[in-house]
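Comments concern the structure below.
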Amino acid sequence: MPADADRHRGPCPVQDAVGALGGKWAVAVVGRLARGEARFGRLRAQVTGTDGAPVSSKVLAAELRRLTEADVVARRERGAAVSYRLTPRGRALVPVLDALGEWSESGAGPPPDAA
79 MPADADRHRG
89 PCPVQDAVGA
99 LGGKWAVAVV
109 GRLARGEARF
119 GRLRAQVTGT
129 DGAPVSSKVL
139 AAELRRLTEA
149 DVVARRERGA
159 AVSYRLTPRG
169 RALVPVLDAL
179 GEWSESGAGP
189 PPDAA
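Quick note on our numbering: the sequence shown kicks off at 79 and runs consecutively.
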């Protein structure tokens, strides 16, 4: 077993990364927070699915909690106001997600009708 395997939950770091972003809304949340810190209500208004439908408050809260536990997002409380921002680990994901987007737009991704 490699010396740094203890840092990963499984045998493959790529699987670990995909697991951290495994939620349906994770990429959209990270993409929005890449533009800057936002409060919950703003995130709820700006995070939409591929069909344009907004994320529900319950699902967004669960996704933010999961991304916070994965050290991708940080929760900041200032009195009654709560906001979210990317951590350094989350900011490091932005170029990776950009590259995935470019890969998909190049036609290398799955066909448009693939489920």
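Beta carbons: idealized from backbone N, C-alpha and C, even for Gly. Here the structure is a predicted model, which is why all the values come from computation and not from measurement.
DSSP bridge partner residues for residue i (one or two, in chain order)
i, result
"leucine 164", "Val151"
"alanine 140", "DSSP output for alanine 140 lists no bridge partner at all."
"threonine 146", "Bridge partners of threonine 146: none, in fact."
"proline 132", "Thr126"
Option nearest residue i by Cα separation, candidates the options
i, options, result
"lysine 136", "Val151, Gly130, Gly119, Asp149", "Gly119"
"valine 151", "Ala158, Gly185, Pro166", "Pro166"
"alanine 139", "Ala158, Trp103, Asp129, Ala186", "Trp103"
"alanine 170", "Cys90, Ala112, Pro89", "Ala112"
"threonine 59", "Arg143, Val105, Gly114", "Any question about residue 59 goes unanswered here, given that the chain covers just 79 to 193."
"glycine 168", "Cys90, Pro89, Gly114", "Gly114"
Spatial distance of residue i from residue j (CA atoms)
i, j, result
"alanine 98", "leucine 164", "13 Å"
"arginine 122", "aspartate 149", "20 Å"
"glutamate 183", "proline 173", "15 Å"
"glycine 130", "arginine 153", "26 Å"
"threonine 126", "arginine 143", "18 Å"
"valine 160", "valine 133", "18 Å"
"alanine 186", "alanine 158", "46 Å"
C-beta contact flag for residue i and residue j at 8 Å
i, j, result
"tyrosine 162", "alanine 116", "yes"
"glycine 109", "leucine 178", "no"
"valine 107", "leucine 145", "yes"
"glycine 101", "glutamate 147", "no"
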